[in-house]
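Please read the structure below before turning to the comments.
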Amino acid sequence: MAGFTVAIDGPAASGKGTLARHIADEYGFHHLDTGLTYRAVAKALLDAGAPLDDESRAAAVAADLDFSGLDRATLSAHGIGEAASRVAVMPQVRAALVEVQRRFAARPPGAVLDGRDIGTVVCPDAPVKLYVTATPEVRARRRFAEIEAAGNGLSYDAVLEDLKKRDARDSARADSPLRPAEDAHLLDTSEMDIEAAFRAAKRLIDAANTDGTRK
Ligand code: C5P
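Counting from 35, one number per residue, gives the positions in the sequence shown under the numbering used here.
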């Protein structure tokens, strides 16, 4: 029997990844940050000195990607996020990654996936869908704090500009644009801490998950 799936979408630095990890820990579910899969394809192309818009090459990299070896530390660099959003506009890349993401989503006893198109495309039948958002300024402050802690010299203004550019590209693309599923629950974390977001998510999951997979 397929597992219980929690689909989480939202723009960069909205808090969706932290929320997804908390939920996975609480329920003993598997977690996949699907952004890492797009980042890994982009990084492989960058490392090979290949152009980011070579669709058949990028799709071949995506089809060969080892989902068990995704390293958050190397893939989380700010510049890789920008490259990932360029790779993510290509339908052949998306098709290859979505196929594996769907298999991951079915793993028992359950899985939490976060990304941009989980509730709309990857897992449209997920019993719980969350759309996590926050103002661009709040998100840029969060991302800036992470970048500063890592010792990178980017300014807050540059981070805000990059986030807005990435949001625009992710929302405007033709294939699987960033948008909430019609039946997604909206969580605005602009003025909500992670604990409050987690409590709201937990209420929704517990209401939908009545078959005892909960810890
Ligand atoms: O979530 P993260 O910032 O790591 O994602 C990097 C990029 O990967 C996003 O800006 C987006 O273009 C792409 N992405 C996507 N679909 C997903 C997850 C990420 O298009 N499900």
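Note that CB positions come from ideal geometry on N, CA and C, so glycine has one too.
Can you find the residues in the same chain that come closer than 6 Å, C-beta to C-beta, to residue i, ignoring five residues on each side of it along the sequence?
i, result
"ASP151", "SER210"
"ALA122", "TYR72"
"ARG120", "LEU86"
"LYS50", "ILE42, GLY44, ASP148, VAL166"
"LEU104", "LEU70, ALA74"
"GLU89", "MET124, GLN126"
"SER205", "PRO211, LEU212"
"ARG203", "SER119"
Taking 8 Å as the limit between beta carbons, can you name the residues of its chain near residue i, skipping five residues before and five after?
i, result
"PHE138", "HIS64, LEU66, PHE101, ALA145, LEU147"
"LEU238", "VAL162, LEU164, HIS219"
"ALA231", "GLY49, LEU53, VAL166, LEU221, THR223"
"THR244", "none"
"ARG141", "GLY37, HIS64"
"ILE228", "GLY49, THR52, LEU53, HIS56"
"ILE114", "ARG73, ALA76, LYS77, LEU80"
Could you tell me the alpha carbon to alpha carbon distance between residue i and residue j, rounded to whole angstroms?
i, j, result
"PRO214", "GLY187", "33 Å"
"ALA290", "SER110", "Residue 290 is absent from the structure shown; the chain starts at 35 and stops at 249."
"ASP196", "ALA117", "11 Å"
"LYS198", "GLY37", "35 Å"
"ALA168", "LYS77", "27 Å"
"ASP191", "ASP159", "39 Å"
"MET35", "ARG177", "Any reading at MET35 is ruled out, since the residue's pLDDT is 47, under 50, leaving its predicted position unreliable."
"ARG248", "ALA82", "The predicted position of ARG248 is uncertain, since its pLDDT is 47 and thus under 50; a value taken from the coordinates is nonetheless stated next. Each residue's alpha carbon lies about 44 Å from the other."
"PRO170", "ARG200", "11 Å"
"ARG136", "ALA93", "17 Å"
"THR39", "LYS236", "13 Å"
"ALA208", "VAL134", "21 Å"
"HIS112", "ALA84", "19 Å"
"ILE181", "SER189", "9 Å"
"ALA184", "ARG91", "32 Å"
By alpha-carbon positions, which one of the options ends up nearest to residue i?
i, options, result
"LYS163", "GLU171, VAL172, GLY149", "GLY149"
"LEU194", "GLU182, ALA206, ARG200, ALA174", "ALA174"
"PRO45", "GLU229, ARG233, THR223", "THR223"
"THR108", "LEU80, PRO125, MET124", "LEU80"
"GLY153", "GLU216, MET226, ASP59, LYS236", "GLU216"
"THR68", "ALA179, GLY62, LEU99", "LEU99"
"TYR61", "PRO143, HIS112, ARG91", "PRO143"
Identify, in the order they occur along the chain, each residue of the same chain with its Cβ nearer than 7 Å to the Cβ of residue i, setting aside the five sequence neighbours on each side.
i, result
"VAL132", "VAL155, VAL156"
"ALA96", "VAL75, VAL127, ALA130, LEU131"
"SER48", "VAL166, THR167, ALA168, ARG173, THR223"
"ALA234", "LEU221"
So, with DSSP's three-state summary, where would you put residue i?
i, result
"ALA46", "coil"
"PHE38", "strand"
"LEU238", "helix"
"ASP98", "helix"
"LEU104", "coil"
"LEU53", "helix"
"ASP227", "coil"
"LEU70", "helix"
"ARG233", "helix"
Using a Cβ-Cβ distance under 7 Å, would residue i count as near chain B?
i, result
"PRO161", "The structure shown contains no chain B; it is built from a single protein chain."
| task | Could you name each continuous alpha helix (DSSP H) segment of 4 residues or more that falls completely within the segment 141–221, going from the start of the chain to the end? | result | 170–183, 190–206
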